[in-house]
Amino acid sequence: MKLTVYHDGQFWVGIVEVVEDGKLCAGRHVFGVEPKDSEILAFVNRIVLKLTETLSQDVLVISPARIKVSPKRLARQVSRELRNKGASTYAHDAIKLEHASRKKERQVLSRQYQEEQKQRRRKIARLKAKEKHRGR
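Numbering (the UniProt record's numbering), first residue to last: 1 to 136.
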């Protein structure tokens, strides 16, 4: 699990990346103002688990084979990670897939709700029409 906190120009955003069995799931959390260490710790302790449980879309990740890395190379990799702003492209792909699936789900629910409302209004109109013709 990896948490990346960065400033996107307007807000401070946290990207949570979880890799399991070669599949990456990513979630996004907006902090708003610059989070303090205590806020990040509270986020990790309370919200991260709920956020990762709700993720349904994943992206296949091709990871290089694990080899023994020298300390100098490891230090260079760490500094490169720290300079890199934002999340990985795999994480962006996973977030886009998650967003698209939730959008599709929301559209389906909205369409069902509109159909139900349409049928309810039609039923009320039919009852009113019957009431008008009653007594003739």
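Cβ coordinates follow ideal geometry from the N, Cα and C atoms, glycine included. For clarity, every value in this text was computed on a predicted model and none was experimentally measured.
Report yes if the CB atom of residue i is closer than 8 Å to the CB atom of residue j, and no otherwise.
i, j, result
"residue 28", "residue 13", "yes"
"residue 5", "residue 47", "no"
Between residue i and residue j, which are expected to be in contact by the criterion C-beta below 8 Å, what is the C-beta distance as a whole number of angstroms?
i, j, result
"residue 3", "residue 16", "5 Å"
Classify residue i: buried if its beta carbon has 16 or more other beta carbons within 10 angstroms, exposed otherwise.
i, result
"residue 113", "exposed"
"residue 42", "exposed"
"residue 98", "buried"
"residue 95", "buried"
"residue 91", "buried"
In the DSSP assignment, the alpha helix (DSSP H) including residue i goes from what residue to what residue?
i, result
"residue 123", "89 to 133"
"residue 41", "37 to 42"
"residue 28", "Looking at the DSSP string, residue 28 is not in any alpha helix (DSSP H); the run it does join, the beta strand (DSSP E), is 23 to 32."
"residue 69", "First-last for residue 69: undefined, no H or E at that position."
"residue 51", "48 to 54"
Tell me the residue span of the beta strand (DSSP E) that contains residue i.
i, result
"residue 3", "2 to 7"
"residue 19", "12 to 20"
Discussion item. Could you check whether the region 45 to 61 touches the region 14 to 26, counting it as contact only if at least three pairs of C-beta atoms, one from each stretch, sit closer than 8 Å?
Written reply: yes
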